[in-house]
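A short write-up of the structure that comes next.
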Amino acid sequence: MENQIQTSYIDYLFAGAGASAILLLMSLDERGMLHGKNIVIIDPDNKLKNDKTYCFWENSEDLIVKRCKHLISHQWEKVSVNSNKPQLLHPMKYFYISSFDLYKELKRIIEKYNILRIHQPVLEFKKTEHGVAVITNDETFLSKTVFDSRPPNYLTLKKNESHLLQSFLGFVIEVENKLPDYNCVDLMDFDVEQNEYTQFVYILPFSENKLLVELTRFGVSQLMQKEAEPILDKYITKRFGTYKIAAIEIGNIPMSNAAILNDNIPNVISIGGRSGAIKPSTGYAFKNMFKHAENIANNLQNLHQLKVTNYASRFKFYDRLLLLILRNDPPSGKNIFETLFKKNDAKNVLNFMDEKTSIFQDIKILSSLPFKPFLKAWKFDISVKLKPLIIPIILIALALGLLISNSVFPNQFKWVESLLLILGLITVGIPHGAVDHLLESGNLHSKIKLNFVIKYLGAAFMYFILWLLFPNIALLFFLIYSIWHFGQADINEWKIQNNNGFKNWIWGGILLGIILYGHSVETNIILKNMGVELFQINEKTGKTISISLTLLVFIWGFWERKLAMILSCVFLAISIKLPLITAFGLYFIGQHSIHGWGHLKKVLNVNNTSIYMKALPFTLGAFLLFFILYIFIEKRLLTEFQSQIITVFFIFTSCISFPHILTMNVFYKNTFKSQKNIF
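If you're matching positions, the sequence shown starts at 1 in our numbering and goes up one per residue.
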């Protein structure tokens, strides 16, 4: 049965009815922006139980406290860590809001504005001429603006990114003995087994004999109820004596600095965790959600463009290091957090966690922490960041070395050039395209299919026939698919948002333009030897175009903030002074082939030796075909072409590249469709 399309005009549709959606509704209600609006809320949960706790710290005069005053059921003036002496937070307080009170607020707003509420999951969004189509199991709604607060989907982690869980089990308990001070929150008490994780107890006293005691874990794996209950029981009994459980709270919060995959659809606005509101290193999100709600409401009121939340880059760096420590060396978390609160005033620590501190305050706090875990995490982070720069740096060094060699030892240069090119082609240049038969199955151990070999070689042979009959068309076709293929591999490697392939074309075109226009004399000779009469390039004009393109891509690299791209531009600028075969060979082998090789390794999940051995028979076969083609041209059996090795190289490369590029294009599309951001 097809979905029923609701054609009535919807102003605001909320995909999800959690805290972020409620805070946004409150902000819009405060400004009188819900009157006369057709609003729909879609969420599979009926929101009838108290399933979450929201806490934050702030000055009592701050806007969030005033706006949420009717929702705040408890507040505390002091905090402590490890049951140490409590510290006053004045002028701040620590505030508590139950999800049950938030859901009552949602119900009030729904009734006030007669909002339609649908208890179904949202399956997907689609862009249409009339707005955003929001598809559920039974219906499709059309809305002008959609606020998406569904749980976030994360892109594949980079090596220096982490995805942990803050998982917890809490007992709301009643105790016989009165609490000595129920105006103090125990933020962290590490007097529990760590079990190779960072684990602590979090305590919120609601009255002199009622409190929430929650065991919390920061770690890759979730704290399970069966595992947590005996630890929690032991802690409560030891500290508070006999108790009775009034309620249980269980759940987990993502602690992740991975990029979030959102729908790239106009007027679909991510909110809540989907917008990055959850602080990666702490799991706190309520204040960020409130600020984001206020920002959206203000922008809507003033007809400004809606923007997602963001936070200072240095705090991203701090979070990244801490998450790496908690991921790679979980037990050290206890010492870090204990030291953090022991050597610093609690108010300063909370301001630091709120990202309100200056760089000098940051330095003071960070210098108080254990040195070795952060140094180790920083070294790992740096190594991951520098890894993409290794290839362009080596290429720059090689290009400079060859440039000097050509100037000082011109007679020996040809031998050095030939040796490097042959080694490069044997090790990665040819092998990176010699495992195309594995890409269909994605399995290193899959057998070669005869029909694949026939189609593959047939495509290469047909393209060679095109060279014989119509060399001008063959060259044009070669340039077109080379532009696409080179651009596709590099843009994917640099993780540049490619706008449906548009940037692939731009980068590939600029790249070949720099190389070919920068070597116009040699390019003209090769074209003539290929039997091509078109595309002849004036030397002076070619140099001007090549330098202009180099400057253009240099600016583009700064715009994209991709240092690897900028360094590649430096290498290309140097290569203009080298012979054409050297410049193209360095790029083809040193950058393009190595990038492609790395992509194949990741998807096939194999090491260099395994994939090279699989490629070896086809690598040898490719060299055999090259040798046969060269003999044919050398013996004047193919009079269409002159017997220059460089001519043979380019014709041969174009023929074997044609089926390879077709295969790799499917590979890249399928990879990005199933595993976003894998490279």
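We put the CB at the ideal spot given by N, CA and C, even for glycine.
Residue i and residue j closer than 9 Å at C-beta
| i | j | result |
| --- | --- | --- |
| G16 | D148 | yes |
| I271 | M289 | yes |
| L398 | L420 | yes |
| T619 | I325 | no |
| G51 | E249 | Residue 51 is actually Asp in this sequence, not Gly. Yes. |
| Q591 | I278 | no |
| R274 | P151 | yes |
| W57 | M26 | no |
| G487 | G458 | no |
| I514 | K562 | no |
| I115 | V40 | yes |
| C655 | Y481 | no |
Local conformation of residue i per DSSP, three classes
| i | result |
| --- | --- |
| F206 | coil |
| F56 | strand |
| N607 | coil |
| Q120 | coil |
| A259 | coil |
| I537 | coil |
| S643 | In this prediction, S643 has a pLDDT of 48, which is less than 50 and means its spatial position is unreliable; what the coordinates show is noted afterwards. Here S643 sits in coil by DSSP. |
| K47 | coil |
| Y218 | Residue identity differs from the one stated: residue 218 is Phe in this sequence, not Tyr. Note: F218 maps to strand in three-state DSSP. |
| K78 | strand |
| L662 | helix |
| N670 | helix |
| Y690 | In the structure as shown, the chain begins at 1 and stops at 679. Residue 690 is therefore absent and cannot be evaluated. |
| L157 | coil |
| N84 | coil |
| M565 | helix |
| K199 | According to the sequence as given, residue 199 is Gln; it is not Lys. Correct three-state label for Q199: strand. |
| N302 | coil |
| F14 | strand |
Residue range of the beta strand (DSSP E) that includes residue i
| i | result |
| --- | --- |
| E174 | 163-175 |
| W484 | Where W484 is concerned, there is no enclosing beta strand (DSSP E), although the alpha helix (DSSP H) it sits in stretches over 471-493. |
| K144 | 139-148 |
| A583 | No beta strand (DSSP E) holds A583; the alpha helix (DSSP H) holding it covers 580-585. |
| I133 | What sits at residue 133 in the sequence shown is Ala, not Ile. 131-135 is the extent of the beta strand (DSSP E) around A133. |
| S275 | Segment: none, S275 is in no beta strand (DSSP E) and carries neither H nor E. |
| V40 | 39-42 |
| V428 | That residue, V428, is in no beta strand (DSSP E); it is neither H nor E in DSSP. |
| V532 | Taken as a continuous stretch (DSSP letters only), V532 belongs to no beta strand (DSSP E), as it is neither H nor E. |
Residues near residue i in its chain [Cβ-Cβ closer than 8 Å; skip 5 each side]
| i | result |
| --- | --- |
| E229 | L169 |
| K178 | E208, N209 |
| I336 | L322, I325, L369, P370, P373 |
| N351 | T357, Q361 |
| F413 | L402, S405, N406 |
| A293 | S20, L23, L24, M26, S27, I271 |
| K144 | Y9, I10, D11, Y12, G131, V132, N267 |
Cβ shell of residue i (< 6 Å), same chain only, five flanking positions each side left out
| i | result |
| --- | --- |
| T242 | E176 |
| F554 | C569 |
| G433 | H660 |
| A615 | P431, A434, V435 |
| L662 | none |
| F667 | L439 |
| K126 | A133 |
Beta-carbon proximity list for residue i, same chain, < 7 Å, skipping 5 on both sides
| i | result |
| --- | --- |
| Y9 | N38 |
| F190 | N82, F200, K334, E338 |
| I393 | L567 |
Neighbour-count burial assignment, residue i, 16 or more Cβ in a 10 Å radius
| i | result |
| --- | --- |
| D345 | exposed |
| A247 | exposed |
| F461 | exposed |
| I454 | exposed |
| P330 | buried |
| P373 | buried |
| S332 | buried |
| Q166 | buried |
| D181 | exposed |
| F627 | exposed |
| D45 | exposed |
| G36 | exposed |
Endpoints, the alpha helix (DSSP H) within which residue i is located
| i | result |
| --- | --- |
| S405 | 371-408 |
| Y113 | 99-113 |
| I515 | 502-517 |
| M353 | 346-353 |
| M26 | 19-30 |
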